[in-house]
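Chains G and D, in that order, give the protein sequences. Each residue of the first sequence is one higher than the last, beginning at 410 in this note's numbering. Each residue of the second sequence is one higher than the last, beginning at 1129 in this note's numbering. Think of the CB as a built atom: it goes at the ideal place given N, C-alpha and C, for glycine as much as any other residue.
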Amino acid sequence: NAGVTQTPKFRVLKTGQSMTLLCAQDMNHEYMYWYRQDPGMGLRLIHYSVGEGTTAKGEVPDGYNVSRLKKQNFLLGLESAAPSQTSVYFCASSYSVRGAYSNQPQHFGDGTRLSIL
Amino acid sequence: GQQVMQIPQYQHVQEGEDFTTYCNSSTTLSNIQWYKQRPGGHPVFLIQLVKSGEVKKQKRLTFQFGEAKKNSSLHITATQTTDVGTYFCAGLGTGGYNKLIFGAGTRLAVHP
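Given below as structure tokens:
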């Protein structure tokens, strides 16, 4: 049981280049999330999806796009990379919740370390 | 907007000493989760607290949720080198869908 798998693990880009980060989960989770982690700032939500074919903006969505064409996959795209997007990117997934005030644990992938020069 | 603040940012202890990290929210939380991230690793879910004043224990770890549901703490008794890592609290964000607002984390270093 692989859980949440992220590819690639490391990447160096030049300013202006584009790339796609892939997240795959095998737990049949409805919800999926993309975070970025920067020193001293914890994890910040970029985009999320509550089901196949749906996406929504999180706290810091600018400069990123996402797609969820299949339930098990959640893609994060950078159309024109900027140095400010140098970060560690984590994908997470969880079961759906009933009601607006309930929680489920989130399961994280190993992360993608992205450097933009 | 909604914020979750965590202190201290960094704690350095000798093995065997106790450790506590505190989490405070700008708004009342319906529940709070705690995660641990080992150096170079990914966050791993530890526990969730739901009830006002709730206290839960996991071996040497004690988690508390404040009476007003605006603060929480994690206390580790007699730290070990295996406790090294960053501990995050996370509260439920607005709009549901299991979105979390994470604190900045407390990085724990344990020296033998």
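Residues of the region 1218-1233 of chain D in Cβ contact with chain G at a cutoff of 7 Å, in chain order, please.
Leu1220, Gly1224, Tyr1225, Asn1226, Lys1227, Leu1228, Phe1230, Gly1231, Ala1232 and Gly1233
Assuming G/Val475 and G/Leu485 form a contact by the criterion Cβ under 8 Å, report the distance between their Cβ atoms to the nearest whole angstrom.
6 Å
Kindly list, in the order they appear in chain G, the residues whose Cβ is closer than 9 Å to that of D/Gln1161.
Asn512, Pro514 and Gln515
Are the C-beta of G/Gly462 and some C-beta of chain D separated by less than 9 Å?
So no, G/Gly462 is outside the interface.
Just the Cα atoms here: how many angstroms apart are G/Gly451 and G/Gln515?
15 Å
Give a yes or no on whether the C-beta atoms belonging to G/Ala491 and G/Ile525 are separated by under 9 Å.
yes
Taking just the CA atoms, how far does G/Arg477 sit from G/Thr463?
7 Å
For the beta strand (DSSP E) containing D/Val1132, name the first residue and the last one.
Val1132 to Ile1135
What residue range does the beta strand (DSSP E) around G/Val497 cover?
Ser496 to Ser503
Chain D contact residues for G/Asp519, given Cβ-Cβ distances below 7 Å:
His1170
Report the rounded CA-to-CA distance for D/Asp1146 versus D/Leu1177, giving the unit in angstroms.
Annotation: D/Asp1146 to D/Leu1177 spans about 21 Å, alpha carbon to alpha carbon.
Quick one: is D/Phe1216 near chain G, going by C-beta distance under 9 Å?
yes
Which listed residue (G/Gly449, G/Met441, G/Arg453 and G/Ser496) has its alpha carbon closest to that of D/Tyr1225:
G/Met441
Please work out which residues of its chain come closer than 6 Å, Cβ to Cβ, to D/Tyr1150, disregarding the five sequence neighbours upstream and downstream, and give them in chain order.
Ile1135 and Ser1201
Which residues mark the beginning and the end of the beta strand (DSSP E) in which G/Tyr444 is found?
Tyr440 to Gln446
Own chain, CB closer than 8 Å to G/Arg453, minus 5 neighbours either side, in chain order
Tyr444, Arg445, Gln446, Asp447, Gly467, Glu468 and Val469
Sort D/Tyr1215, D/Leu1236, D/Ala1237 and D/Pro1240 by Cα distance to D/Met1133 and report the nearest one.
Closest option to D/Met1133, Cα to Cα, is D/Tyr1215.
Give a yes or no on whether the minimum CB-CB distance between D/Ser1158 and chain G is below 9 Å.
yes
For G/Arg453, would you say it is in contact with chain D, using Cβ-to-Cβ distances shorter than 9 Å as the test?
Cβ-Cβ to chain D under 9 Å: yes for G/Arg453.
State the CB to CB distance for the pair G/Ser502 and G/Gln434, rounded to an integer number of angstroms; the pair is presumed to be in contact (CB under 8 Å).
4 Å
By a C-beta neighbour count over all protein chains shown, 10 Å radius and 16 as the cutoff for buried, is G/Ser458 buried or exposed?
buried
Please go through the same chain and pick out, in chain order, the residues whose beta-carbon is closer than 8 Å to the beta-carbon of D/Lys1179, but skip the five residues on each side of it.
Phe1193
Amino acids of chain G, ordered along the chain, whose beta-carbon sits closer than 7 Å to that of D/Phe1173:
At a beta-carbon threshold of 7 Å, the residues of chain G lying near D/Phe1173 are Pro514 and Gln515, ordered along the chain.
Cross-chain neighbours of G/Phe499 in chain D, by beta carbon under 8 Å:
Residues of chain D passing the Cβ test: His1170 and Pro1171.
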